[in-house]
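Just so we're on the same page, the working numbering is the position in the sequence shown counted from 1, plus 78. Here a beta-carbon is modelled for each residue, glycine too, at the ideal position from N, C-alpha and C. Since the model is a prediction, treat every value here as computed from it, not as a measurement. These notes concern the structure reproduced below.
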Amino acid sequence: MSIETLTTDEFMDLEIEDHQEALRQYNDAITSASSDLASIGSEAAKNTVLDRMARLFTLRKVHTVRLEEMVADDAADAASHGSSLQAAA
Numbered sequence: 079m080s081i082e083t084l085t086t087d088e089f090m091d092l093e094i095e096d097h098q099e100a101l102r103q104y105n106d107a108i109t110s111a112s113s114d115l116a117s118i119g120s121e122a123a124k125n126t127v128l129d130r131m132a133r134l135f136t137l138r139k140v141h142t143v144r145l146e147e148m149v150a151d152d153a154a155d156a157a158s159h160g161s162s163l164q165a166a167a
């Protein structure tokens with residue numbers, strides 16, 4: 079499974095660790111593309127790298143937002159369970 083070709087259902091089934099790994103991979107790819115950009119002379123080649131970086135930034139943002147949602151949901155669940163345990167005591 080490639081993080082760039084996930085279906086919506088597959089994306090929604092990813093775990094927190096999967097999103098964290100995707101973010102690491104996108105950060106690495108963005109860093110690499112940024113380094114490549116400095117050594118490219120042709121405007122067309124620079125534009126190609128900039129287009130790729132734009133896609134990488136967008137995909138990274140999608141994983142960031144989903145990860146933030148999942149972390150918030152986990153925190154809400156933990157708080158809900160904590161208040162249920164306190165009420166039962």
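Under 8 Å by Cβ, that's how I've got residue i and residue j pegged, so tell me the actual separation to the nearest angstrom.
| i | j | result |
| --- | --- | --- |
| A100 | H141 | 5 Å |
| V143 | I94 | Not really, about 13 Å apart at Cβ, beyond 8 Å. |
| L137 | V127 | About 16 Å separates the two Cβ atoms, so there is no contact after all. |
Tell me which same chain residues have a C-beta within less than 6 Å of the C-beta of residue i, skipping the five on either side of it?
| i | result |
| --- | --- |
| S112 | none |
Could you tell me the distance, in whole angstroms, from the CA atom of residue i to the CA atom of residue j?
| i | j | result |
| --- | --- | --- |
| R102 | F135 | 12 Å |
| M131 | L145 | 21 Å |
| Q98 | R133 | 18 Å |
| L84 | A156 | 29 Å |
| A154 | Y104 | 28 Å |
If you follow the alpha helix (DSSP H) that residue i is part of, which residue opens it and which one closes it?
| i | result |
| --- | --- |
| S120 | Note, S120: premise wrong, no alpha helix (DSSP H); not H, not E. |
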